[in-house]
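Report on the following structure.
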Ligand SMILES: [Zn+2]
Ligand SMILES: [Zn+2]
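Residue numbers (the numbering used here): 126 to 244.
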């Protein structure tokens, strides 16, 4: 028989924990038996609840911030599209009204016939 190192209680040979004080026995230690998670005291539950609430609030805040950011991102996206459309229009090829030649977008005169191009 082995005695518990914590309370001196007699332990069964195959016990990993003392049935009286819950201390892990030498056998339990030798076999690396995990100490069970003890039930949480009340204040810890309150703490967990408070944490959960805080987490929810933070998530809500993030959610709000994200939708706000999304709106901004949408606006920026629209602006970018506008600018891009502008740039594309500027760079779109210009066809000569006289000879039909395809000229680079920023051409003022036809590269083929020299005719003035429409802006
Ligand atoms: Zn004990
Ligand atoms: Zn031309």
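Just so it is clear, CB atoms sit at the ideal spot from N, CA and C, and this is done for glycine as well.
- In the structure shown, residue 231 adopts coil according to DSSP, grouped into three states.
- Ligand 2 has a heavy atom closer than 8 Å to the beta-carbon of residue 237.
- Residue environment for residue 191: exposed (fewer than 16 other C-beta atoms within 10 angstroms of its C-beta).
- The beta carbon of residue 238 lies closer than 8 Å to those of 221, 223, 224, 226 in the same chain, with the five residues before and after it left out.
- Restricting attention to 182, 202, 204, 216, the CA atom closest to the CA of residue 231 is found in 216.
- With 16 or more other CB atoms across the displayed protein chains lying within 10 angstroms of its CB, residue 228 is buried.
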